[in-house]
Amino acid sequence: MRRILFWALGIMITASACDKKVSDRTADLPPLQPVNQDLNAGSWKLVLLSRPDSFAVAVPAATTSPLYVADLNEIKGYQAHLSGDMQGKIKYWSAGGVLRWNEIMRDLMAKYNLPPYQNADGTYPAPNPANPFAYPLFPFSNPPYAARAYAYVSGAQYDALVACWYYKNQFKRPAPYTVDPTINALAGKSTLPSYPSEGAVLAGVTAEMMKLLFPGEIANIQQKLQEQELALIASGTATRSDVTAGETLGRQIAEVFIARGRTDNAGKAIGTSTDWNNFVTVTQAKGEAPWYSLEAPKRPPQLPLFGKVKGFLCDSAAIVALRPGPPPSTSSDQMKQETLDAYNTIKNPSREQMRIVQFWADGVGTYTPPGHWNAIAAEDFVARNYSEVRWARNMALLNMAEMDAAISCWDIKYYYFNPRPTQMDPRIKTLTGIPNFPSYVSGHSMFSFAAATVLGHIIPERAGAYNAMAQEAANSRVYAGIHYAIDCDAGRTVGQNVGNVAVNRAKIDGAE
Amino acid sequence: MLIVVSLVGMLPLKLKAQTDEDGIMMNKNQICAGPTYSYSSWSHYWEGAFKRNNQNLGTVSTQMIGFMGIYGITKKLNIVGNLPYVWTNASAGTLHGQHGFQDLSGWVKWLPVRQNIGKGVLSVFTLAGGSVPLSNYIADYLPLSIGLHSRTASGRVILDYQLGHFFTTGSATYTLRSDITIDRNAYYTTALHTTNRVDMPDLWSFNFRTGYRANNLIIEAVASNMTTPGGFDIRKNDMPFPSNKMNATMVGAHFKYEFNSPKGLLITGGGNYTVAGRNVGQSTAFDFGVFYQLYFSKKK
Chain A
1 MRRILFWALG IMITASACDK KVSDRTADLP PLQPVNQDLN AGSWKLVLLS
51 RPDSFAVAVP AATTSPLYVA DLNEIKGYQA HLSGDMQGKI KYWSAGGVLR
101 WNEIMRDLMA KYNLPPYQNA DGTYPAPNPA NPFAYPLFPF SNPPYAARAY
151 AYVSGAQYDA LVACWYYKNQ FKRPAPYTVD PTINALAGKS TLPSYPSEGA
201 VLAGVTAEMM KLLFPGEIAN IQQKLQEQEL ALIASGTATR SDVTAGETLG
251 RQIAEVFIAR GRTDNAGKAI GTSTDWNNFV TVTQAKGEAP WYSLEAPKRP
301 PQLPLFGKVK GFLCDSAAIV ALRPGPPPST SSDQMKQETL DAYNTIKNPS
351 REQMRIVQFW ADGVGTYTPP GHWNAIAAED FVARNYSEVR WARNMALLNM
401 AEMDAAISCW DIKYYYFNPR PTQMDPRIKT LTGIPNFPSY VSGHSMFSFA
451 AATVLGHIIP ERAGAYNAMA QEAANSRVYA GIHYAIDCDA GRTVGQNVGN
501 VAVNRAKIDG AE
Chain B
1001 MLIVVSLVGM LPLKLKAQTD EDGIMMNKNQ ICAGPTYSYS SWSHYWEGAF
1051 KRNNQNLGTV STQMIGFMGI YGITKKLNIV GNLPYVWTNA SAGTLHGQHG
1101 FQDLSGWVKW LPVRQNIGKG VLSVFTLAGG SVPLSNYIAD YLPLSIGLHS
1151 RTASGRVILD YQLGHFFTTG SATYTLRSDI TIDRNAYYTT ALHTTNRVDM
1201 PDLWSFNFRT GYRANNLIIE AVASNMTTPG GFDIRKNDMP FPSNKMNATM
1251 VGAHFKYEFN SPKGLLITGG GNYTVAGRNV GQSTAFDFGV FYQLYFSKKK
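Chains as they are written, first to last, in my numbering: chain A, 1 to 512; chain B, 1001 to 1300.
In structure tokens, the structure reads:
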């Protein structure tokens, strides 16, 4: 009997031993060691700033001055008593500031990507940026909101780092461990001038952008900023004066993006009930069946005027020019056939179809499709050891394309106001929630092909892989039962066209 | 032998043989096996402490057909096995239901102590068990996934006291749950995780039953509780997730009746209702089973 008890205990111990600690894919990265410092990046093409020296940065104190010696003493003080916790934070931030801030942004998008719960009378409350802590929390970071937020942060980080590189090159202040060999370089060594600190520029610009994008997170992000800045100093990467100059420069440049963000029409994208009804009237006047919400209670359409937001790459005329031709008429035989195809696809889904649907769903409570492509990009960039400024440039190209893809896609969706397959045939059950906006064209297809086009330009040897991923993302929406195949085919073309606008910018921005 | 169906989590129905929670043993070489059917449904559920319904789900129902068997290696050592097939459905909204084989589970049940105390008999049972998913079903599709796809290992102690025809049984169980792999490669709990592995909280469960127990009839009232010591709450209007904290308290009643003729045939049935919960559906569940028991004696 006793042997059986031991045997049973053995099973339990084995089962618990198999239960390995779950860790993130980027939890254990080495310090970023750029293969090329991109010392000329101060001359790269800016997004919003007119000049890299739009904001003056004070001449740093000489490395022989008492002020600088005091800076070094601060570093030595930290390094004399480094806690395990501090070592962990140094390791975390040393993998790269653009990477870590991108991950933090993805975390925020997932955190805030929750559709508001209905009121007792079946209407829905709208998040209020003036009171971000009241339910529903501001923002509801749905895909268009998220696409814009990623673009603003990435664009601002990029402009700020171009300015940072401009001043680094101008002042050429060496890193603390270069000036004083007794200082340990705990986050790796580089020949890049350290004033202003690029890490602090990123912290400042990102923290400042919270005032526009995630006003309920200002305090939390401020703590991240302090954590990163302390890690920069304690690791011997930068001095207090490098960090202070960097944070100030970052915040100033963020203000330019915030000012633009307050007037880019995003605040009006939710529309009014008059706008919502107008889509129905206009569509019916064309003799087409208008989209309606398949949620219960019926939810107002998601950001119906987002197509009027000002993008970074395409102006409003270019957005209109991107529109594809109309989908087949809702009363046509072709639409009936498309609907029947959608039904047949979803009737008995295979496990592989379900896997693809879930992998790409990026729905409620996730970092959205643009966030998924940020994750794909970030994990590929890690292996390439880009300088921080090149990291920022590549992320800005990607996210400006994603934002314009969102603008164009929402313009098209509300221009045609086409029903989802389940509206045409209620037998169509879906493998993920039906997004609360019109069907044509597929947002996933646009986001994915725009991203694949940009990333394929940045890393040409991966272009085929990115296109295959984008195609799988597009297919996932058909497998899920929430799109017609035509939505995804049209979305692919428009998405590639948007991606190519970013590629054309990349070819002339001075970084290639 | 009775079967109790309990609702574990946002919905996946777990077939729980009463034989692994009761104070009864098969004799040496005795086998008892048969099918059970259970039905569980809810229209209200808890997101954290917030109780709500959802017009995009309507009533979520889970049906299960299980095949279960118990065998007496000796009269103090039994083994129990369970093979369930599960269907899920939502009566409203558009989400596609799921079906498939869920988790094969087994227990080794040992009776180390049986002694007279006062006018009654006290029995102590210790059990070790485990479960493994039988198919590659999708776990990250709550509330319509058929299970959570974790491998589990459990330890349980049962105390049973019988006085004449009346009995009281109490048990406590701790279940270790392995990580699971989901189809997504990132997910948000209380922070973003960039991995497709999900750390699953373990599970405490407690069961209390009392009633009438005679040779061929058992009628009992049952109260049970499950508590996940870890896990996180579903946020308002978010989707449920396999590693949510899932707590539930259920009350119900069950019976077992053994026919004199045909000898060896027995039926079981019962129901339960979730009176309190966290990140689970407020389910009402019924079950019914037919079993046949016989002796496997070695040929002389």
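Virtual Cβ for every residue (Gly too), placed ideally from N, Cα, C.
Residues bridged to residue i (per DSSP)
{"i": "arginine 1114/B", "result": "Ser1123/B"}
{"i": "glutamate 1047/B", "result": "Phe1050/B"}
{"i": "threonine 1062/B", "result": "Ser1040/B and Thr1088/B"}
{"i": "lysine 310/A", "result": "Its beta-bridge partners do not exist; DSSP assigns none."}
{"i": "tryptophan 1204/B", "result": "Tyr1174/B and Thr1227/B"}
{"i": "leucine 1217/B", "result": "Tyr1257/B"}
{"i": "glycine 267/A", "result": "Note: glycine 267/A sits in no beta bridge, so no partner."}
Check: residue i C-beta below 6 Å from any heavy atom of the ligand SAH
{"i": "valine 320/A", "result": "Among the components of this structure there are no ligands whatsoever, and the ligand SAH is therefore not found."}
Limits of the beta strand (DSSP E) - the one that residue i falls within
{"i": "methionine 1370/B", "result": "Nothing about residue 1370/B can be reported from this structure: the residues present for chain B run from 1001 to 1300 only."}
{"i": "phenylalanine 1286/B", "result": "1284-1295"}
{"i": "threonine 1194/B", "result": "Threonine 1194/B -> no beta strand (DSSP E), and no H or E assigned at all."}
{"i": "tyrosine 1273/B", "result": "1265-1278"}
Counted within 10 angstroms of its Cβ, other Cβ atoms place residue i as buried (16 or more) or exposed
{"i": "glycine 88/A", "result": "exposed"}
{"i": "leucine 313/A", "result": "buried"}
{"i": "proline 290/A", "result": "buried"}
{"i": "serine 1006/B", "result": "Reliability fails at serine 1006/B, whose pLDDT of 35 lies under 50, so the model's placement of it is uncertain and the value that follows must be treated cautiously. It counts as buried."}
{"i": "valine 69/A", "result": "exposed"}
{"i": "glutamine 223/A", "result": "exposed"}
{"i": "aspartate 1199/B", "result": "buried"}
{"i": "phenylalanine 1296/B", "result": "exposed"}
{"i": "aspartate 333/A", "result": "exposed"}
{"i": "aspartate 264/A", "result": "buried"}
{"i": "threonine 339/A", "result": "buried"}
{"i": "alanine 452/A", "result": "buried"}
{"i": "alanine 269/A", "result": "buried"}
{"i": "threonine 432/A", "result": "buried"}
{"i": "valine 98/A", "result": "buried"}
Distance between beta carbons of residue j and residue i, contact taken as under 8 Å
{"i": "valine 205/A", "j": "glycine 250/A", "result": "4 Å"}
{"i": "isoleucine 221/A", "j": "alanine 207/A", "result": "5 Å"}
{"i": "alanine 187/A", "j": "serine 94/A", "result": "4 Å"}
{"i": "phenylalanine 417/A", "j": "threonine 274/A", "result": "At roughly 15 Å, the Cβ-Cβ gap does not stay under 8 Å, so phenylalanine 417/A and threonine 274/A are not in contact."}
{"i": "tryptophan 101/A", "j": "aspartate 509/A", "result": "Not confirmed; about 21 Å, so no contact."}
{"i": "methionine 424/A", "j": "glycine 491/A", "result": "Incorrect: roughly 18 Å between the Cβ atoms, too far for contact."}
{"i": "tyrosine 117/A", "j": "asparagine 1056/B", "result": "Not quite, the Cβ-Cβ distance comes to about 12 Å (not below 8 Å), so this is no contact."}
Cβ of residue i within 7 Å of any chain A Cβ
{"i": "methionine 1010/B", "result": "Residue confidence is low: methionine 1010/B scores 49 on pLDDT, short of 50, so the model does not pin down where it sits. Its coordinate-derived value is still stated next. So no, methionine 1010/B is outside the interface."}
{"i": "glutamine 1293/B", "result": "no"}
{"i": "methionine 960/B", "result": "Residue 960/B falls outside the range modelled here, since chain B spans only 1001 to 1300, and no answer is possible."}
{"i": "lysine 1236/B", "result": "yes"}
{"i": "aspartate 1303/B", "result": "There is no way to answer for residue 1303/B, as the model of chain B reaches only from 1001 to 1300."}
{"i": "lysine 1300/B", "result": "With a pLDDT of 38 at lysine 1300/B, under the threshold of 50, the modelled position of that residue is not reliable, and the figure given next carries that caveat. Judged by the 7 Å Cβ criterion, lysine 1300/B is not in contact with chain A."}
{"i": "isoleucine 1031/B", "result": "no"}
{"i": "asparagine 1136/B", "result": "yes"}
{"i": "histidine 1149/B", "result": "no"}
{"i": "tyrosine 1188/B", "result": "yes"}
{"i": "glutamine 1162/B", "result": "no"}
Limits of the alpha helix (DSSP H) - the one that residue i falls within
{"i": "glutamine 226/A", "result": "218-234"}
{"i": "aspartate 487/A", "result": "485-508"}
{"i": "valine 1157/B", "result": "Not the alpha helix (DSSP H): valine 1157/B falls in the beta strand (DSSP E), residues 1152-1163."}
{"i": "threonine 453/A", "result": "443-458"}
{"i": "tryptophan 357/A", "result": "For clarity, residue 357/A is valine in the given sequence; the question names tryptophan instead. Where valine 357/A is concerned, the enclosing alpha helix (DSSP H) stretches over 351-361."}
Cutoff 7 Å: residue i Cβ touching any chain B Cβ
{"i": "proline 34/A", "result": "no"}
{"i": "arginine 173/A", "result": "no"}
{"i": "isoleucine 253/A", "result": "no"}
{"i": "valine 153/A", "result": "no"}
{"i": "arginine 262/A", "result": "no"}
{"i": "proline 419/A", "result": "no"}
{"i": "proline 115/A", "result": "yes"}
{"i": "arginine 25/A", "result": "yes"}
{"i": "glutamine 228/A", "result": "no"}
{"i": "isoleucine 270/A", "result": "no"}
{"i": "phenylalanine 381/A", "result": "no"}
{"i": "alanine 17/A", "result": "Annotation note: pLDDT 47 at alanine 17/A (below 50); position unreliable, coordinate value reported separately. Not closer than 7 Å to any Cβ of chain B, the Cβ of alanine 17/A fails to qualify, so no."}
{"i": "methionine 424/A", "result": "no"}
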